[in-house]
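Q: Take a look at this one; I'll ask things after.
Protein chains: 2
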Amino acid sequence: MTVEQDLTWPLRHAMRYFPDSEAVVDGDTRLTVREFGERVLRLSAGLRSLGVGPNTRVATLLANSHRYLELHYAIPGAGAIVVPLNSRLAVAEMEYILADAGVTHLVVDEAHAPFAEKLEPLVQRVVRAPDDYEALIAASEPEELPGPSSENDPVGIYYTGGTTGPAKGVVLSHRALIGESIALGLELNFNRDDRLLVVFPLFHLGAIAGIYVLVWMGSTLVFQPAVDPGEILRIIERERITATSIVPTVINALVNHPAAETTDVSSLRLVLHGAAPISATLCERAAQVFGCVLTQAYGMTEVAGAPTLLKDEQDLLDQRQSRSAGQPMVGYEIGVRRDDGSPCDVDEIGEVVLRGPSMLTEYWNKPEETARALRDGWYWSGDVGYQDEAGYLYLVDRAKDMIVTGGENVYSIEVENAIAEHPDVLEVAVFGIPDETWGERVHAIVVPHDGATPTESEIIAFCRQRIAGYKTPKSVEVRLEPLPKSGVGKTLKRDLRAPYWKGRDRFIG
Amino acid sequence: MTVEQDLTWPLRHAMRYFPDSEAVVDGDTRLTVREFGERVLRLSAGLRSLGVGPNTRVATLLANSHRYLELHYAIPGAGAIVVPLNSRLAVAEMEYILADAGVTHLVVDEAHAPFAEKLEPLVQRVVRAPDDYEALIAASEPEELPGPSSENDPVGIYYTGGTTGPAKGVVLSHRALIGESIALGLELNFNRDDRLLVVFPLFHLGAIAGIYVLVWMGSTLVFQPAVDPGEILRIIERERITATSIVPTVINALVNHPAAETTDVSSLRLVLHGAAPISATLCERAAQVFGCVLTQAYGMTEVAGAPTLLKDEQDLLDQRQSRSAGQPMVGYEIGVRRDDGSPCDVDEIGEVVLRGPSMLTEYWNKPEETARALRDGWYWSGDVGYQDEAGYLYLVDRAKDMIVTGGENVYSIEVENAIAEHPDVLEVAVFGIPDETWGERVHAIVVPHDGATPTESEIIAFCRQRIAGYKTPKSVEVRLEPLPKSGVGKTLKRDLRAPYWKGRDRFIG
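Protein sequence lines, in the order shown, are assigned to chains A and B.
Residues 154 to 662 in the numbering used here are what the first sequence lists, from first letter to last.
Residues 154 to 662 in the numbering used here are what the second sequence lists, from first letter to last.
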């Protein structure tokens, strides 16, 4: 008889046993665990009074803030399902998600008010922060959270770009998110003295999944909504930040900021980064400026975050393993498989498979895609890589043909589909090329119909109307010869990409 | 779809990802994770060749050693169930356990050879360490562990003294032991740099449950079979021990040892103790000698170890909470209940109830006792206590009438039953009284039949034939007047005990 797992337990535990710890710092707002927890209880009661309950889908569209985290306890605490919206999506993409997930309630902040107006007709109810939101809290009692009926109930549906079509909703259970949280806590030794700076957007599952455990351990979360390097440095010094999770572009901005030399960052013990590779030069420089451990995380929404970590990157710079995505966390396993499903040998390239305590339950309403992704107890990631003798994982390509730019995942196929709608376009290939600021940037090669003469700026403008800005190519090259093809007629994107990545030691195309 | 939990995973993880870490130090034997793991795989295969498989019960009777730990992976790894025997039990008690659990295989070391001869007729097969044991390893291949068929399969049946009769077998699942391990790892921040000195006997569930996580994290386990203070100090210095779990009697012996002042114990970061209270004086002195954190654990076999911890005891000496058993670990909850099952108020005394990820599945073949212990999703401990406003738990008595002496639990009823068989005895009461060396010692008050004149030494000798030496009273008082009784005729043991505990601030009777 083992007790069922409920993601709201961490909060109840913290409220009972260390109510006076500082839970949240967000601008001028400072909340103890008790204050934060009571807001969650009231908010959850308030949402329930608006009809939110078991199986209701509630979308959130907010910048990072304590309210964001409150919602991510209050909604699952009501037994309901959270559907976070990436605020960088185009309205059409948000509309698709609201319809696909059957969202009935939307919580939105001031920064996203223009979206709210467009999305309002699709839902039964919009709760606007701060006004409606605070009114709901003020009008409600801090009632006990009903929580899920089983540990296998979903906490949320987290949308991720599709390889062959629109975004897919990844369903993750209470047990899965607790599994991910616990493993991170063990691996990174989070404890009550930690003060985590939250910069990475919380609508990314990896970001929110990583902070649940900190509430549990009694750590403090410091929110910083905008990515302003000078302000981040000031906060690290003022709030005695011990750990943060940021993308390499932000690391780069921090270490090159004029204030970096004079800021006291001695409280830092860990800089976690993921979503994009980091160059040896930047890693070395960051270790020097921050004087702390750098750790890379590799993962995906389907496994509730990062199943592998490359710890102490700064000590591996001259080793082969510095180019790897690390080793799995406790409780996770990684394998590499051939096309026939058999395991690859050491250093043999194949499809990366993963398993562990935090795997997706399913893709929402997509039984076929679920059956393809979950086979033999493993999640088949679509990423391509190999493992060395010590079990370090090296990624060489992404079967999903994904570009990671400024911390966001862009699926080439989606961009290609958008460009292909342009009447002048005969063929198109989209891929990532190296970029100092963004890690990778989206690049397109277009072959026009005979006689057509589309320009770079026309193609970019065309895309911008259809897909999110960060998905829109930053550069477009028009070629007149046909794209290179494989024997079966598939565009050899690897050949197109190779010249741009020559001499680079990571994610060689 | 969350992956099932299997306690052998930690070992497979360690073998794959840090095979060259030092796993075990045991006298002159030093084993890397790979060497240790391969021994486990071979041993498990060897045991399977002797008929050990799903649902087989295998008893272990060994002193602390790397072999002890190997067995506790190899047996569950074969899908079988381990039944650890407390080596201090009397032969009759061991016989009872073998029969009750239906044990077919017994593994025994040289130190326990005399027991083996007596127990051999009860089982199908005895494996003697080191000879049979090492032969089995040498003759077997390091095959993959089949493991359990489900996370709810038992790892073991752990016998614990009964309140009203013979010992009961506590059945704990793979998921439960993983739950306990993970919580301990999170709370105590165990990591790859840790080197744990294992002194506490591993046949205690709390001891073995606490070390699984260290294998997982890549820490090193240093075994020390005999409790020799001088040798323990030498090992701490030589092996750069970072953490250990010991009983207060051993802490006392260490801090008062002449070599304590000159031994380098600066590597220590944590001394964990449980099983018995520690005096403020000893705590203060230990913190000074060891220069590290002292943490107390409170728990029971039924919850797979210690659900509560009193952390940083040395900083609480002048506070009320220093007399508490601490707060629950992450994922655990504690409550105090009235006789009618309703929750007690703050500071109101009642029965301690617990729940969390590591609760017993059942008492082996005891559905009635199981139903009594597991109610409303809680484990009803039988211990009596109260909680303060901050959720610290204070124990005031044990409903099970238990004495903790030198780290062993003794149930008074069992000793009373043994003494009551003596023909001269009319009435008997057994309870614990304070003891400098043992924390508590077993004390008996005996009222003889009219005209009978039993002596202290007669009663002690009589007990020694029937129950384990540590359960036998260290002192017996013969009284001629009847024992004090409650209105319903129950002996008022609390009144008998009170004079001995006067002025003591812990576990007041």
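Even for Gly, the Cβ is constructed at its ideal location relative to N, Cα and C.
Which of the three DSSP states is assigned to residue 478(A) in this structure?
A: Note: residue 478(A) maps to coil in three-state DSSP.
Q: Could you name the residues of the same chain whose beta carbon sits closer than 8 Å to that of residue 345(B), not counting the 5 residues immediately before and after it, in chain order?
A: Hits under 8 Å: 171, 174, 370, 371, 372.
Q: Grab me the residues of residue 341(A)'s own chain with a C-beta within less than 7 Å of its C-beta, minus the 5 sequence neighbours each way, in chain order.
A: For residue 341(A), where only same-chain residues beyond five positions count, the Cβ hits under 7 Å are 423.
Q: To the nearest angstrom, report how far apart residue 367(A) and residue 334(A) are at their CA atoms.
A: Going by the C-alpha atoms only, they are around 8 Å apart.
Q: Closest to residue 266(A) by C-alpha separation, out of 279(A), 256(A), 275(A), 255(A), would be which residue?
A: Answer by Cα proximity: 279(A).
Q: Write down the C-beta distance between residue 563(B) and residue 592(B) rounded to the nearest angstrom, noting that I regard them as a contact closer than 8 Å.
A: No, residue 563(B) and residue 592(B) are not in contact; Cβ-Cβ is about 11 Å, not under 8 Å.
Q: Do residue 586(A) and residue 596(A) have their beta-carbon atoms positioned less than 7 Å apart in this structure?
A: Yes; because the gap between Cβ atoms is below 7 Å, this pair is in contact.
Q: Flag this pair as touching only if the stretch 195 to 208 of chain B and the stretch 230 to 240 of chain B have three or more C-beta atom pairs under 8 Å; answer yes or no.
A: These segments touch.
Q: Would you say residue 310(A) reaches chain B, if we count a Cβ-Cβ gap shorter than 7 Å as a contact?
A: It does not; no Cβ of chain B falls within 7 Å.
Q: Could you tell me which chain B residues have their CB closer than 8 Å to the CB of residue 544(A), listed as they occur along the chain?
A: The answer, in chain order, is 169, 170.
Q: For the alpha helix (DSSP H) that contains residue 225(A), what are its first and last residues?
A: Looking at the DSSP string, the run of the alpha helix (DSSP H) that includes residue 225(A) is 219 to 230.
Q: Could you tell me the alpha carbon to alpha carbon distance between residue 589(A) and residue 402(A), rounded to whole angstroms?
A: Approximately 8 Å, taken between the alpha carbons.
Q: What is the rounded straight-line gap between the Cα of residue 363(A) and the Cα of residue 545(A)?
A: So the two alpha carbons sit approximately 22 Å from each other.
Q: Is there at least one Cβ from chain C nearer than 7 Å to residue 335(A)'s Cβ?
A: The question asks about chain C, but that chain is absent: this structure's protein chains are A and B.
Q: Between the Cα of residue 293(B) and those of 213(B), 203(B), 215(B), spot the shortest distance and give me the residue it belongs to.
A: Taking only the C-alpha atoms, the option nearest residue 293(B) is 203(B).
Q: According to a CB-to-CB cut-off of less than 9 Å, which residues of the stretch 370 to 384 of chain B neighbour chain A?
A: Answer in chain order: 370.
Q: Check for me: the beta strand (DSSP E) holding residue 359(B) runs from which residue to which?
A: Counting along the chain, residue 359(B) falls outside any beta strand (DSSP E), though it belongs to the alpha helix (DSSP H) covering 358 to 370.
Q: Excluding the five sequence neighbours on either side, which residues of its own chain have a C-beta within less than 6 Å of the C-beta of residue 503(B), listed in chain order?
A: If we look at residue 503(B) and ignore the five residues flanking it on each side, its Cβ neighbours are 489, 490, 491, 497.
Q: So, using beta-carbon positions, are residue 448(B) and residue 470(B) closer together than 7 Å?
A: Against a cut-off of 7 Å, the Cβ pair of residue 470(B) and residue 448(B) comes out as no contact.
Q: Look at the alpha carbon of residue 291(B) and the alpha carbon of residue 268(B), and state the distance between them as a whole number of angstroms.
A: Rounded to the nearest angstrom, the two C-alpha atoms are 26 Å apart.
Q: Please state if the CB of residue 526(B) and the CB of residue 532(B) are separated by a distance shorter than 7 Å.
A: Yes, they are a contact pair.
Q: Using DSSP bridges, identify the partner residues of residue 214(B).
A: Residue 214(B) is bridged to 261(B).
Q: Residue 457(A): which of 359(A), 379(A), 387(A) sits nearest, CA to CA?
A: Among 359(A), 379(A), 387(A), the Cα nearest to that of residue 457(A) belongs to 359(A).
Q: Would you mind stating whether residue 304(B) and residue 455(B) have Cβ atoms separated by less than 7 Å?
A: No, the Cβ-Cβ distance between residue 304(B) and residue 455(B) is not below 7 Å.
Q: For residue 616(A) and residue 573(A), I'd like the C-alpha separation in whole angstroms.
A: When rounded, the distance between both Cα atoms is 10 Å.
Q: Please report the residue range of the alpha helix (DSSP H) in which residue 536(A) lies.
A: That residue, residue 536(A), is in no alpha helix (DSSP H); its beta strand (DSSP E) goes 531 to 540.
Q: If you drop the 5 nearest sequence neighbours on each side, which residues of the same chain put their C-beta closer than 8 Å to that of residue 436(A)?
A: So the list reads 447, 466, 467, 470, 475, once near-sequence residues are dropped.
Q: Strictly below 9 Å CB to CB, what residues from chain B border residue 484(A)?
A: By Cβ distance, chain B contributes 156, 158, 162, 163, 166, 331, 335, 369.
Q: Cα separation between residue 398(A) and residue 427(A)?
A: Roughly 8 Å separates the two Cα atoms.
Q: Could you check how far apart the C-beta atoms of residue 185(A) and residue 298(A) are, in whole angstroms? I think they sit under 8 Å.
A: Going by Cβ atoms, the distance from residue 185(A) to residue 298(A) rounds to 18 Å, so no, they are not a contact pair.
Q: Name the chain B residues whose beta carbon is nearer than 7 Å to that of residue 480(A)?
A: The contacting residues are 170.
Q: Taking contact to mean at least 3 C-beta pairs separated by less than 8 Å, is the stretch 234 to 253 of chain A in contact with the stretch 380 to 391 of chain A?
A: No: fewer than three Cβ pairs fall under 8 Å.
Q: Would you say the beta carbon of residue 269(A) comes nearer than 6 Å to a heavy atom of the ligand GTP?
A: As presented, the structure is devoid of all ligands, the ligand GTP included, so that no description of it is given.
Q: With distance defined between alpha-carbon atoms, name the residue in 220(B), 634(B), 522(B) nearest to residue 602(B).
A: Among 220(B), 634(B), 522(B), the Cα nearest to that of residue 602(B) belongs to 634(B).
Q: Within its chain, find whatever has a CB closer than 7 Å to the CB of residue 247(A); leave out the 5 residues flanking it on each side and keep chain order.
A: Closer than 7 Å at Cβ, skipping near neighbours: 238, 268, 272.
Q: Just tell me which of 348(B), 584(B), 414(B), 542(B) has its CA closest to the CA of residue 664(B).
A: The shown model of chain B, from 154 to 662, leaves out residue 664(B), and the question about it has no answer.
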